[in-house]
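Here the sequence shown is numbered in the working numbering, starting from 75 and rising by one per residue. Have a look at the structure below before the remarks.
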Amino acid sequence: MIALLDTSDDSIISWQLASLLVALGVLGLVIGGHLLVSGAVSVAKRLGMSTLMIGLTIVALGTSAPELALNVVAAAGGETGLAFGNVVGSNIANIALVLGLTALVAPIPIPRATLRLGGIPWLIYLTLLAIALPWFGGISGDVPGYARWAGIVLLCCVPLTILLWHRDHRLEEAHGDVDDMPERSLLPSSLLVLAGLVLLIAGGRSTEVGAVTLAKWMGLSEAVIGLSIVALATSLPEIVTSMVAARKGVPNLAIGTVIGSNVFNLSLVLGTTSIVSPVALPEAGGMIDLFVMGGLTLALLPMALTGRRIAKSEGVVLLIIWAAAITLSILR
Numbered sequence: 075m076i077a078l079l080d081t082s083d084d085s086i087i088s089w090q091l092a093s094l095l096v097a098l099g100v101l102g103l104v105i106g107g108h109l110l111v112s113g114a115v116s117v118a119k120r121l122g123m124s125t126l127m128i129g130l131t132i133v134a135l136g137t138s139a140p141e142l143a144l145n146v147v148a149a150a151g152g153e154t155g156l157a158f159g160n161v162v163g164s165n166i167a168n169i170a171l172v173l174g175l176t177a178l179v180a181p182i183p184i185p186r187a188t189l190r191l192g193g194i195p196w197l198i199y200l201t202l203l204a205i206a207l208p209w210f211g212g213i214s215g216d217v218p219g220y221a222r223w224a225g226i227v228l229l230c231c232v233p234l235t236i237l238l239w240h241r242d243h244r245l246e247e248a249h250g251d252v253d254d255m256p257e258r259s260l261l262p263s264s265l266l267v268l269a270g271l272v273l274l275i276a277g278g279r280s281t282e283v284g285a286v287t288l289a290k291w292m293g294l295s296e297a298v299i300g301l302s303i304v305a306l307a308t309s310l311p312e313i314v315t316s317m318v319a320a321r322k323g324v325p326n327l328a329i330g331t332v333i334g335s336n337v338f339n340l341s342l343v344l345g346t347t348s349i350v351s352p353v354a355l356p357e358a359g360g361m362i363d364l365f366v367m368g369g370l371t372l373a374l375l376p377m378a379l380t381g382r383r384i385a386k387s388e389g390v391v392l393l394i395i396w397a398a399a400i401t402l403s404i405l406r
């Protein structure tokens with residue numbers, strides 16, 4: 075891997091090339107996300123899955139692929155600040171940015187079916203676990219963070235997640251379907267899913283290389299660039315998925331994708347990253363970022379309990395919260 079953290083002129087690529095890498099990476103993410111959604115919906119229709127479950131499983135796992143690919147590469151290269159910022163920033167962006175933008179397209183209902191154990195309650199549990207783990211053992215001495223044992227704990231939550239979702243595979247009734255989306259045979263649909271995943275992973279890698287380099291040119295820390303530019307780039311598949319779903323009249327796909335993606339980010343992505351290389355909490359506001367993520371996650375619960383919709387006005391509020399969180403992370 076390019077020695078992106080070395081600030082010598084010989085090791086940092088030009089900002090023009092870095093910008094091109096980010097642009098190409100974002101393009102790959104957008105196209106890959108579109109192909110993935112198209113193929114995944116067709117596969118899921120063949121399997122008789124609900125729109126909420128489609129989002130929770132196939133689409134969410136696929137859209138979390140950029141975070142996983144980026145974080146493993148970053149952790150292997152010692153860029154754990156970027157890895158932490160990407161996971162937390164992506165989860166913040168998924169709730170505040172993705173749902174905020176999607177609500178501007180169409181109001182998003184939070185179905186009561188998400189209150190099943192494999193939905194919002196499980197996401198809240200994983201979020202609280204991610205907040206607590208850095209303070210139980212840490213990495214070395216008094217440094218809070220995610221040691222390898224913490225990564226194993228988080229990774230063990232992946233099969234539990236699958237078991238919960240398998241049990242609740244009918245947790246959504248006919249609250250909207252995907253009849254307006256094209257249905258293909260299983261082989262072409264699977265190839266679309268594969269092509270989408272390849273583009274997502276390649277786009278994530280290109281974005282990571284360009285973004286870290288731009289961060290060095292701008293004098294920003296890894297955690298800040300992870301929370302902002304990289305988190306935004308890797309959230310583009312969720313944004314595309316959710317906005318297309320809202321336009322197609324299947325908003326349950328949007329909320330399912332957000333919940334499922336955040337679950338995979340905390341269990342699969344953060345767990346794998348911590349095993350590859352222990353992740354220390356950034357000294358400048360790392361815990362604050364975790365609490366912001368926790369607060370936004372908890373906010374989903376009352377919405378589901380009351381059967382509310384996220385209206386356009388509330389979407390604007392979510393966007394303001396996201397912009398404020400990013401601004402504060404850059405200023406500190």
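Even glycine gets a Cβ: it sits at the ideal position worked out from N, Cα and C. If you're wondering where the values come from, they're calculated on a predicted model, not measured in any experiment.
What three-state label does DSSP hand residue i in the structure shown?
i      : result
Gln90  : helix
Val324 : coil
Ala248 : Model confidence at Ala248 stands at a pLDDT of 42, short of 50, so the residue's coordinates are unreliable; what they give is reported in the following sentence. DSSP places Ala248 in coil when its eight states are reduced to three.
Ile105 : helix
Ile349 : helix
Arg383 : strand
Ile182 : strand
Gly60  : With the chain running from 75 to 406 in the structure shown, residue 60 is simply not present.
Gly219 : strand
Met123 : coil
Arg241 : helix
Ser295 : coil
Trp396 : helix
With respect to the alpha helix (DSSP H) encompassing residue i, which residues constitute its N-terminal and C-terminal limits?
i      : result
Met367 : Gly360 to Leu379
Gly174 : Leu173 to Val179
Met317 : Leu310 to Arg321
Ile150 : Correcting the residue identity first, residue 150 is Ala in this sequence and not Ile. Start and end: Ala139 to Ala150.
Ala269 : Leu260 to Met292
Leu355 : Leu355 -> no alpha helix (DSSP H), and no H or E assigned at all.
Pro195 : Ile194 to Ala206
Ser341 : Element bounds for Ser341: n/a, residue is neither H nor E.
Asn165 : Thr154 to Ile166
Would residue i pass as a contact of residue j if the rule is Cβ separation under 8 Å?
i      : j      : result
Val343 : Asn145 : yes
Pro325 : Pro183 : yes
Gly374 : Ile194 : The sequence shown places Leu at residue 374, rather than the Gly named in the question. Going by C-beta atoms, Leu374 is nearer than 8 Å to Ile194.
Gly334 : Thr201 : no
Val96  : Thr331 : no
Ser341 : Leu260 : no
Leu156 : Ile349 : no
Leu71  : Ala187 : Residue 71 falls outside the range modelled here, since the chain spans only 75 to 406, and no answer is possible.
Pro208 : Tyr220 : yes
Gly197 : Val337 : According to the sequence provided, residue 197 is Leu. The question's Gly does not apply to it. Yes, the Cβ-Cβ distance between Leu197 and Val337 is below 8 Å.
Ile166 : Val390 : no
Val147 : Arg279 : yes
Arg321 : Val115 : no
Gly345 : Gly225 : yes
Ala385 : Pro218 : no
Leu189 : Ala399 : no
Arg241 : Gly192 : yes
Ser351 : Ser164 : no
Ile205 : Leu94  : no
Leu327 : Ile128 : yes
Ala92  : Thr287 : yes
Val136 : Leu238 : The question names Val, but residue 136 in the sequence shown is Gly. It is not a contact, given that the beta carbons lie outside the stated cut-off.
Leu89  : Trp291 : It is Trp, not Leu, that sits at residue 89 in the sequence shown. Cβ distance < 8 Å, so Trp89 and Trp291 count as in contact.
Pro262 : Gly106 : no
Thr154 : Ala354 : yes
Given the structure, does residue i come close to the ligand SAM, in the sense that its CB is under 7 Å from one of the ligand's heavy atoms?
i      : result
Thr131 : Absence of the ligand SAM is noted for the structure shown, with no ligands found whatsoever.
Indicate whether the contact test is met: 3 or more Cβ pairs, each with one atom in the region 351 to 361 and one in the region 170 to 182, closer than 8 Å. No: the two stretches stay apart, fewer than three of their Cβ pairs being nearer than 8 Å.
Pairing CB atoms from the region 256 to 276 with CB atoms from the region 97 to 114, are three or more of them under 8 Å? Result yes; three or more Cβ-Cβ pairs closer than 8 Å.
Any contact between the region 300 to 310 and the region 159 to 166? By contact I mean 3 or more CB pairs, one from each, below 8 Å. Here the region 300 to 310 lies against the region 159 to 166, with 3 or more beta-carbon pairs under 8 Å apart.
Check whether the region 272 to 285 and the region 134 to 143 touch, using three or more Cβ-Cβ pairs below 8 Å as the test. Because the criterion of three Cβ pairs below 8 Å is met, the region 272 to 285 and the region 134 to 143 touch.
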